[in-house]
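Protein chains in written order, with the working numbering: chain A, 2 to 107; chain B, 2 to 554; chain C, 1387 to 1634.
For every residue, glycine included, the Cβ atom is placed at its ideal position computed from N, Cα and C.
Being a predicted model, the structure only gives us computed values, none of them experimental.
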Amino acid sequence: MSHPTLEDVHVGHHIVGPKIYLTILLILLCLTALTTGIAFVDLGIFSPIVAIGIAVIKATLVILFFMHVKYSSRLVKLTVASGFFTFLVLITMTLSDYISRAWGLW
Amino acid sequence: MSTIVRLPNQQDATLPKLSYLNNGYGLKSWLLTGDHKRIAILYLISITLFFFVGGAFAGLIRLELLTPMPDLVSSDTYNKLFTMHGIIMVFLFLVPSVPATVGNFVLPIMVGARDLAFPKVNLLSWYLYVVAGIFVVGALIFGGADMGWTFTTPLSTHYLNTHVITVALGVFVAGFSSIFTGLNFIVTTHRMRAPGMTWFRLPLFVWSHYAASLLMVLGTPVLAITLVLVALERLFGIGVFDPTKGGDPLLFQHLFWFYSHPAVYIMILPGMGVISEVISTFSRKRVFGYTAVAFSSVAIAVFGFFVWAHHMFIMGVSNYSALVFSLLTMLVAVPSAIKIFNWAATLYKGSITFETPMLYAFGFMGLFTIGGLTGVFLGSLGMDIHLTETYFIVAHFHFVMVGGMLMAYLAGVHFWWPKMTGRMYPESLSRLAAVTTFIGFILTFFPQFVLGYLGMPRRYHAYPPEFQVLNVLSTAGATVLGIGYLMPMIYMTWSLKYGAIAGSNPWQATGLEWQIQSPPPTENFLEIPIVDYEAYDYEWLANKTQHEVTTVG
Amino acid sequence: MDSQTIAVRQQEEIAHHEHDHPAYLRHHFETVEQQKEAASFGMWLFLLTEIMFFGGLFMAYLLYRNWYHDAFVSASNTIGIGLGTTNTAVLIVSSFTMAMGVYCAEKRNRRGLLVSLALTLVLGLVFLGIKSVEYHEKYVEHHIPGAGFSIEDFVHPHDKRDIPLSPDVAQHAQIFFFLYFAMTGMHALHMIIGVSILLVLIYRARQGAYTTGHTSTIDNFGLYWHFVDIVWIFLFPLLYLISRHPLH
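Here is the structure:
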C-alpha cells in the first residue's frame, strides 16, 4: 500500500495488565471485609466517617485503575473531578440550609 | 457602501445545485438523518409549533386578566393555563431554542467539523424532544396539570388529581433530550476542532454553547431524579416530601431549583452567543475583550450552580443559608454585566448598520439589562420578601427570557436564515416585526413591574380593581407582541420560495460558516479548513473577498 | 464547467477513493484515534449525568438519616448483612472480570474476551438474584413501605433489651425503606440495562467484532459497568452498615 493504514499507526496508549487488576481486586475485597467488620465496632461519631472513607478509597481505586483514569488524559481527569465537584456542591450547599435551621428536627 | 448586505447579482443567481436540502429526498431521509443541519430544521419546525401552543396559553391568561373578576375561566382552569404556558415555554421552547436549532446547524461548521461528534445521538435527542412534546400535549388533551411549572410540593404530590405524572414524564424525557444535545456539543468542541482552530479562535457563539452544555449535562439529571421522586410520591405516598410522614417539602425545592436555576443560564447563554456574533458583524468590529466574554460565559455556568436557593428565600430556608445564597447571587450578576459592557464597547466606534438581527440585538441589550438588574433587586433579601410571588417576579423573568432570550433567538434565526435556506427574507417587513415586538414587549411587561411593586400576586386570576388599568395595558401589549411574533412566520415562509438568493456571505461576516455555500453541502466542507486567523478578523475577510471569485449557480 | 459542477465532481472523487481506512471509522471523524477519544469522552460525560442523577437520591438519604438517625439505624439492622457483603464482593469481582475483558480485547484475544464477558454477565445475574432474595425477605417481613408496613421489628438501637421504638419514631423507618428500595432499585435497573447490553456484546464478540483493534465499545461499556459498581460501593455502607456495633 502507498501509505500506512490507520491500523498500523501506533496508538501509544497504555494497556493496563492483569497483575495490576488482580492486585486492585484483592485490595478491594480486603477493604470490603474491613468495612463490614468495622461496622461492628463502636467508633461513635467516626463510624460514618470511616465507612465513607473506606468507600471513597475503594471508589478511587476502581476509577484510577479499572477505569484507567490514572493513564488517561488531563481532560478525562478534569471531567471526573468536575462531576464529583458538582455533586459535592449539591450536598454541601443544601446541607448548609439544613444544619443552620432551628426547625425541622422532629 | 451604504449597507452591509451584499447579495449576488439576482438576475442570474440560482441556489447551489447540491446542498443538504436536496441531498436525498423522502420522509425517511429526513426522519432517519444523521446530518446535524437536517436535525436542526426538524427542531426548528417542532419548536416553533410548541412556541405557538405556549403562546396561545399566554393569550388566554392575558385575556382573563383584562378584568379584575375571574370571569373567563374557573380557578382550576386558570391554574392549568399558567402551568402549561410555563412548562411548554421553558422546557419545550426556551431550553432547546437556540442550541437545538441554530446551534445544531452552525456549531459543527464553526469549529470546522463535518458533523457533531455523535450524529445518531443528535437524532435521538430530537425524537426524545418529540416524545416529550407528545406527553405534554397528551396531558393537555386529557385535562392538563395545574401545579405551576415549578411542581411545588406538597401541592403537586398530595393535593391535586390532575395529570401531574404525565407532564412530569414529559419534562423528564425533554431533560434527556437536552442532556444529549449538551453532551454532543461538549465532545464536538473539545475533540473536533479543525487544525489551527484553537480555543481562543473559536467564535464566542461556541463558547456560550459550551458553557450552556456544561450546565445541561451536570444540572438536568438532578431535575430528572426529582421528578421521579415526585412521581413515586404520588403513586405510593411514601412520605419523602410529606411533612405528616416526616418528609420535608423543602427538600423537593432544593433539588428542583438546583437544576432550575442553572436552567435559566442554559436558556440565556446560547442567546448571548448569538448576540456576540450579531453585534460584531453589524458593527464590523471584533468583539471587545474576547477573553473576558469567553471566560464570563464559563463563569456564569460555574457560579450558576451556587445560587439556587434565591428562589426559596421565603420558603423556610434558614436565615444564614439565605444570606449566603443572596451574596452569591450578587456575584453571579457580574459576568453577565461584563458581557453587556463588552458588547457596548464593541459597538463604540464601530460601523453600525441596522439590519434585522441587529435590531433584535439592540432590543436584547436594553431589555436584558433591565431584566438582569431587577434580578439583582430580587437577590437582596429585604426586597425579595416584598416582591417575591408578585408580578415583579413575572416581569423580571419575562424581561430576561422574552425580552432577552426570545429576541436573541429571533436574532439568530434571522442572522443564519440565509445560511440555512439560501434565501433572504424581506428586510422591511422583518424590521417592522422587530420593532413591533419591541414595542409590544414593553407594553406587555413593563406595567407588570409596577403591578408587582404595588402588590399584585402572581398566579391569581382575580385582582383588586385598582390594578385593572395596568393589566389592560399589559394585555394590549400582548396583542401587539403576538402580531410581532406571527409576522416572521409569514414572511419567513414566503422567503423560502420568493426570497432573494443570499449567496454564501450576505452579511460579510467572519466565521467558517460564511465561507461555504448557502445552503451548505451535507458534509459542510469539501476539505477541512486550516485556520490561521483569529475570530472576527475583518481584515482577513476583506483581504479574502478581494481575491475571490464568487459565482452562485 | 461552472464552479458547482466542479464541486460536485470533487465530492464524488473524495467519496470514492478514501476507503482504505477501517470500516468502523465514521466519516465525520478524521482518524480512528479521534473517534475513539470522542467516544470515550462522551461516555465519561454520560457517567457525569449518572453521578448527578444518583446524587439527588444521596441528598435525600443524607438528610433523612440525619433527621431520623435512630429509625435509620434500627431499620438498617434488619437487613441481612451476609447477603449484602456477598453482593458487594460479587460486584467487585465482576468489575475485575470486566477489566480483564477490556484487556483481552486490547490484546485481540477473542476467547479471553468471551470468557471475561460471560463471567461478568454471570456475576451480574448472581447480584440481581441475591437482590431479589433480599427484596423477598423484606416483603415477607412487611418492611415494604406502604399500607402493609409493620413496625414491630424495629428496636431501640442503643439498648440491648430489644425495646421497640416508639411508633412515631418507628414510622420513620418507612422513609429508610423507601430510600432503600428507591436507591437499590435504581441501581438494579442500571444493572439490568448493563446485563442486557452484555448479552448483545457477547453475541457480537463471538463474531470477532471487538478483537480487530476497535476496542471502543468494550472500553466504554466497561466504564459504565465500573460506574454501576462504584454506586454500589457507596450504597452498601450507607444502607447496610449504619451502625452494627453490638449493644452495650
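Item to complete: Determine whether the Cβ of tyrosine 72/A lies closer than 9 Å to any Cβ atom of chain B.
Response: With 9 Å as the cut-off, tyrosine 72/A does not count as an interface residue toward chain B.
Practice prompt. Starting from the C-beta of glycine 372/B, find all residues in its chain whose C-beta is less than 7 Å away, skip the five residues before and the five after it, and write them out in chain order.
Written response: Hits under 7 Å: His397, Phe400, Val401, Gly404 and Gly405.
Discussion item. For a test of the three-state rule: what should DSSP assign to valine 532/B, helix, strand or coil?
Written reply: Coil at valine 532/B, not helix or strand.
Discussion item. By the three-class DSSP mapping on this structure, what secondary structure does threonine 87/A have?
Written reply: Helix, per DSSP.
Practice prompt. Please go through the same chain and pick out, in chain order, the residues whose beta-carbon is closer than 7 Å to the beta-carbon of leucine 95/B, but skip the five residues on each side of it.
Written response: Counting only Cβ-Cβ distances below 7 Å, and skipping sequence neighbours, we find Met268, Met402 and Met406.
Worksheet item: For methionine 68/A versus histidine 1612/C, is the C-beta distance shorter than 9 Å?
Response: If you check the CB distance, methionine 68/A and histidine 1612/C come in under 9 Å.
Worksheet entry | Own chain partners of arginine 1415/C with C-beta closer than 8 Å, once the 5 adjacent residues on each side are dropped | Per the sequence shown, the amino acid found at residue 1415/C is phenylalanine instead of arginine. Annotation for phenylalanine 1415/C: Gln1421 and Ala1424 place their beta carbon closer than 8 Å to its own, counting only its chain and skipping 5 residues before and after.
Practice prompt. Could you tell me whether the region 486 to 504 of chain B touches the region 88 to 102 of chain A, using the rule of 3 or more Cβ pairs below 8 Å?
Written response: No: the two stretches stay apart, fewer than three of their Cβ pairs being nearer than 8 Å.
Worksheet entry | leucine 62/A versus leucine 29/A: straight-line alpha-carbon distance, rounded | Distance between the alpha carbons of leucine 62/A and leucine 29/A: 8 Å.
Worksheet item: From the DSSP output, which residues share a beta bridge with isoleucine 92/A?
Response: For isoleucine 92/A, which the question treats as bridged, DSSP gives no partner whatsoever.
Fill in: Residue interval of the alpha helix (DSSP H) (run including lysine 246/B)
Note, lysine 246/B: premise wrong, no alpha helix (DSSP H); not H, not E.
Practice prompt. Please report the residue range of the alpha helix (DSSP H) in which threonine 1506/C lies.
Written response: Per DSSP, threonine 1506/C is one residue of the alpha helix (DSSP H) stretching across 1496 to 1526.
Item to complete: Determine, using beta carbons only, whether asparagine 506/B comes closer than 9 Å to chain C.
Response: Chain C, which has no Cβ nearer than 9 Å to the Cβ of asparagine 506/B, makes this no.
Discussion item. By the DSSP assignment, the alpha helix (DSSP H) with aspartate 116/B in it spans what residues?
Written reply: That residue, aspartate 116/B, is in no alpha helix (DSSP H); it is neither H nor E in DSSP.
Worksheet item: Name the chain B residues whose beta carbon is nearer than 7 Å to that of alanine 1559/C?
Response: Those do not exist, as alanine 1559/C stays about 10 Å from chain B at its closest Cβ, beyond 7 Å.
Worksheet item: Does DSSP put proline 458/B in a helix, in a strand, or in coil?
Response: Note: proline 458/B maps to strand in three-state DSSP.
Worksheet entry | Neighbour flag for phenylalanine 47/A against chain C, beta carbons, 9 Å | So, not an interface residue.
Fill in: Where asparagine 162/B falls, given that 16 or more other Cβ within 10 Å makes a residue buried
It counts as exposed.
Practice prompt. Would you list the one or two residues that DSSP bridges to valine 17/A?
Written response: Valine 17/A pairs with nothing; no bridge assigned.
Worksheet entry | Residue environment, glycine 1608/C, which counts as buried when at least 16 other CB atoms sit within 10 Å | Around the Cβ of glycine 1608/C, a 10 Å sphere holds 16 or more other Cβ atoms; the residue is buried.
Worksheet item: Looking only at C-alpha atoms, which of Asp13/B, Asp36/B and Ala101/B sits nearest to tyrosine 410/B?
Response: Shortest Cα-Cα distance from tyrosine 410/B to any of Asp13/B, Asp36/B and Ala101/B involves Ala101/B.
Item to complete: Out of Asn123/B, Leu270/B, Gly197/B and Pro196/B, state which residue places its alpha-carbon closest to the alpha-carbon of serine 179/B.
Response: Checked all of Asn123/B, Leu270/B, Gly197/B and Pro196/B; the closest Cα to serine 179/B is Asn123/B.
Worksheet item: What does valine 90/A reach in chain B if we use C-beta pairs closer than 9 Å?
Response: Within chain B, the residues near valine 90/A are Phe259, Phe306 and Phe307.
Worksheet entry | Rounded separation between leucine 542/B and alanine 510/B - CA only | Whole-angstrom Cα-Cα distance: 8 Å.
Worksheet item: Closest to isoleucine 1561/C by CA distance: which of Val1581/C, Ile1530/C and Thr1435/C is it?
Response: The candidate whose alpha carbon is nearest that of isoleucine 1561/C is Ile1530/C.
Worksheet entry | Neighbour list for proline 100/B in chain C, Cβ cutoff strictly below 7 Å | Neighbours of proline 100/B on chain C: none; closest Cβ ~15 Å, over 7 Å.
Worksheet item: Rounded to whole angstroms, how far is the Cβ of methionine 556/B from the Cβ of glycine 504/B, which I believe are closer than 8 Å?
Response: No answer is possible for residue 556/B: the residues shown for chain B start at 2 and end at 554.
Worksheet item: Three-state secondary structure (DSSP) at isoleucine 25/A?
Response: Correct three-state label for isoleucine 25/A: helix.
Worksheet entry | Residue burial classification, leucine 332/B (beta-carbon count within 10 angstroms, cutoff 16) | Exposed, since its Cβ has fewer than 16 Cβ neighbours within 10 Å.
Worksheet item: With distances taken between CB atoms, is the gap from alanine 225/B to isoleucine 166/B smaller than 9 Å?
Response: Not in contact: alanine 225/B and isoleucine 166/B (Cβ atoms no closer than 9 Å).
Discussion item. I want to verify the contact list: residues of chain B whose CB lies under 9 Å from the CB of phenylalanine 1540/C, in sequence order.
Written reply: What phenylalanine 1540/C touches in chain B: nothing, since even the nearest Cβ is about 14 Å away.
Practice prompt. Using the DSSP secondary-structure output, state which residues sit across from threonine 391/B in a beta bridge.
Written response: Pro458/B.
Item to complete: Kindly indicate which three-state DSSP category isoleucine 46/A falls into: helix, strand or coil?
Response: Three-state result, isoleucine 46/A: coil.
Item to complete: Check whether the Cβ of methionine 68/A lies closer than 9 Å to any Cβ atom in chain B.
Response: Chain B contact via Cβ: absent.
Practice prompt. Kindly indicate which residue of Leu1503/C, Glu1492/C and Thr1471/C has the alpha-carbon position closest to the one of valine 1586/C.
Written response: Minimum Cα distance to valine 1586/C is reached at Leu1503/C.
Practice prompt. Go through its chain and collect everything with a Cβ distance to histidine 11/A's Cβ below 7 Å, but skip five positions before and after it.
Written response: Its pLDDT being 36, under 50, histidine 11/A is placed unreliably in this model, and the coordinates cannot settle the point.
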